[in-house]
Amino acid sequence: GDYRSAFEYYTRAAELGDADAQCNLARLYSSAEGVEKDRVKVINYLEEAAIGGHPIARFRLGWIEWDNGNNERAVKHCVIAANLGDDDSIKELMKYFQEGFVSKEDLAAALRA
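Using the UniProt record's numbering, read the sequence shown as starting at 1 and increasing by one per residue.
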């Protein structure tokens, strides 16, 4: 695909606060599609999108935190994403619950959302 054009479009939209564009820029920087791979920019764009209420960005931040050994922060991101309606986060929370990282109360709250 034409990643360069997508990158330019997403950049303009992200500068205007579009959370979808911010999340898409994070994906481009993560996969090095049309731009050089840049982990710092991935995290920055995901954080901006998450603040803007983007559930997938929250979920992806949770994965990054989990990979970095920050299990408590990972769970918090997943709870927020689940509360925003992200099905993948709910599945992840169920796994975390089975592994003892999520309380029954947090899981129940996420399932009610």
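We treat Cβ as the ideally placed atom computed from N, Cα and C, and that holds for glycine.
Exclusion of the five residues before and after residue 58 leaves 50, 77, 80, 81 as the residues of its chain whose Cβ lies within less than 6 Å of its Cβ. Comparing C-alpha distances from residue 39 to each of 101, 68, 3 shows the shortest one belongs to 68.
In the three-state reduction of the DSSP assignment, residue 25 falls in the helix class. Residue burial is scored here from C-beta neighbours: residue 89 has at least 16 other C-beta atoms within 10 angstroms and is therefore classed as buried.
In this structure, the CA atom of residue 45 is about 27 Å from the CA atom of residue 95.
Residue state for residue 46 is assigned as helix, using DSSP reduced to three classes. Residues 29, 30, 31 of the same chain have their beta carbon placed closer than 8 Å to that of residue 37, with the five preceding and five following residues left out of the count. In the three-state scheme derived from DSSP, where H, G and I count as helix and E and B as strand, residue 68 is classed as coil. Residue 77 carries a helical assignment under DSSP once its states are collapsed to helix, strand and coil.
A direct Cα-to-Cα measurement between residue 102 and residue 26 gives close to 27 Å.
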